[in-house]
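The numbering of the sequence shown is our numbering, which starts it at 11 and goes up by one. Read the structure below first, then the notes.
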Amino acid sequence: MQRSISIVIKVTNSCNLNCVYCYNRDNVIPGVISLSVIENMLSTLWSRFDHADFIWHGGEPLLAGQDFFRTVKALQEKYVSGRDDKSYKNLIQTNGTLVTGNFVEWCRDEDFSIGISIDGPKEITGESRPAFELDAYEKSIEAIETIRSVNDGVGVICVIHKLNAAMGRELYAFFKRIGVDSVVLLPNMNDPRIEPYHLCNNDYVCFHKAFFDAWVADDDPVGTIVPFRQIVNALLGNQPSLCSYSGGCFRNFLSLDVDGSVYPCSAFFGSDFYLGNVNTSSIAEIYDSPKLQQLRAEMKQMLSTECGECEFLTVCQGGCREAAFIASGKLYSKDPHCEGRKELFGYIREVLKSQLGQRLAEKAKYPASNERNWDLVHHR
């Protein structure tokens, strides 16, 4: 029986930015998640799971205020303190505009990780992530510098879209220059409503090859690049852990909305994906529900029929169901970047076979962590 879970918590659907590629605009529940909803989730969580990774998401989660997270921490300890068989981690994914030095110090002391979303240099971020009455780029850079001054490292997430797709090498140099320790590259979801910012398969391949080549050529590289680290490890025979490479989106994750409703993923909502509500059902009832069991069975069937003959099945596991659903409206259609992913896998495999193979293998070694979560905090 699985005893570990990652829970994406929609702290709020509100945001102080207006990202051009955002798909989280319609059919959203207003307000901030109540602490009673959080406690109802926590009160039944530990009878089913021994470890939980909490990803505090939005919208912009810091709109809830620092006191919200202080109370969250107290509630977590209420149910876990003194229990050596239970553990948890916290990750806040934020655009950085509301980050303060005091909050970063509190997060360090209470073991909350912080990830900053930024799409590149000012000319890119300013266009792709416009803000209401503030300079999103400058605020994000300030947040990165603040986190770096308090913690040992800082990680960022970068959405790849039409505006920055031709800047693979330039973006690697940018992230190296601002001193980050990890970068998560997230392809744009290709929502039909935002077609001008779509990332086609050719742009997907060209960007990732250029970024990958810059990373490989760097004698003092940025330590962690997602998804390259995961792809290299998978090609070396290890099990992928990120949800869009492991096929684990109906096994390893749940998404908690503002009203307590639970869904398999943050992009899946409505009656077709509704699993229950923590105000009326336990986490065990939700996780082991017939609906989620049905989704797991359908995913297994899709992998067998649609991807069974693919040479990269063990690396990709069918790609991202969220991306497929947003792009096509069909849960079990191909990942919109299926062809691009296959070409990228082949390219990296050839590099692994070359004289750089040992060097890449060394770069891919890293301590076990909650790395799968980075794929969940996407597309802000």
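For glycine and all other residues, C-beta sits at the position ideal for the given N, C-alpha and C.
query: C-alpha distance - P71 paired with R93, whole-angstrom precision; result: 28 Å
query: Reference G111; option with closest CA among I157, V226, A146 and E148; result: I157
query: D63 beta carbon less than 9 Å from that of I102; result: no
query: Nonlocal neighbours in the same chain, by C-beta distance under 6 Å from N200, ignoring five residues either side; result: H208, A337 and P346
query: Given E133 as reference, the closest of D119, K99 and L181 once Cα atoms are compared; result: L181
query: Separation of L195 from I170, as counted between CA atoms; result: 7 Å
query: Proximity winner among E152, N26, I65 and P131, relative to F142 (alpha-carbon distances); result: N26
query: Through-space distance from L85 to L45, alpha-carbon basis; result: 9 Å
query: Strand pairing of Q103, partner residues [DSSP]; result: G125
query: Coarse secondary structure for K301, derived from DSSP in three states; result: helix
query: C-beta contact flag for D191 and V164 at 9 Å; result: yes
query: Sufficient close CB pairs (3 or more, under 8 Å) joining the segment 247-256 to the segment 201-220; result: no
query: Closest Cα partner of V42 within the set C320, R359, D162 and K20; result: K20
query: F283 and K301 closer than 9 Å at C-beta; result: yes
query: Test item: CB-CB of Y31 and F222 under 9 Å; result: no
query: Three-state secondary structure assigned by DSSP to C216; result: helix
query: DSSP-derived helix/strand/coil call for L285; result: coil
query: Of the listed residues E316, E360, I293 and E148, nearest to K344 (C-alpha basis); result: E316
query: Straight-line gap, R139 to I126 (C-alpha atoms, nearest Å); result: 13 Å
query: For N105 and L285, the rounded distance between their alpha carbons; result: 29 Å
query: heavy atom of the ligand GDP below 8 Å from V42 C-beta; result: No copy of the ligand GDP occurs in the structure displayed, which carries no ligand at all.
query: Straight-line gap, N28 to R203 (C-alpha atoms, nearest Å); result: 15 Å
query: Pair within 9 Å by beta-carbon distance, C168 and G136; result: no
query: Cβ neighbour criterion (16 or more within 10 Å) applied to Q311; result: exposed
query: Contact under 9 Å by Cβ, V18 with H61; result: no
query: Pair within 9 Å by beta-carbon distance, V90 and Y98; result: yes
query: Separation of K83 from D77, as counted between CA atoms; result: 10 Å
query: CB of F279 within 9 Å of CB of S271, strictly; result: yes
query: Exposure of D298, with buried meaning 16 or more beta-carbon neighbours within 10 Å; result: exposed
query: DSSP state of W56 mapped onto helix, strand, coil; result: coil
query: Straight-line gap, P274 to M309 (C-alpha atoms, nearest Å); result: 12 Å
query: Residues bridged to Y98 [DSSP beta-bridge criterion]; result: A62
query: V30 in three-state terms, based on DSSP; result: coil
query: Option in P231, L341, S292 and P206 with minimal Cα separation from Q304; result: L341
query: Start and end residues, alpha helix (DSSP H) containing T324; result: L323 to C326
query: D269 to I39 span [Cα, whole Å]; result: 7 Å
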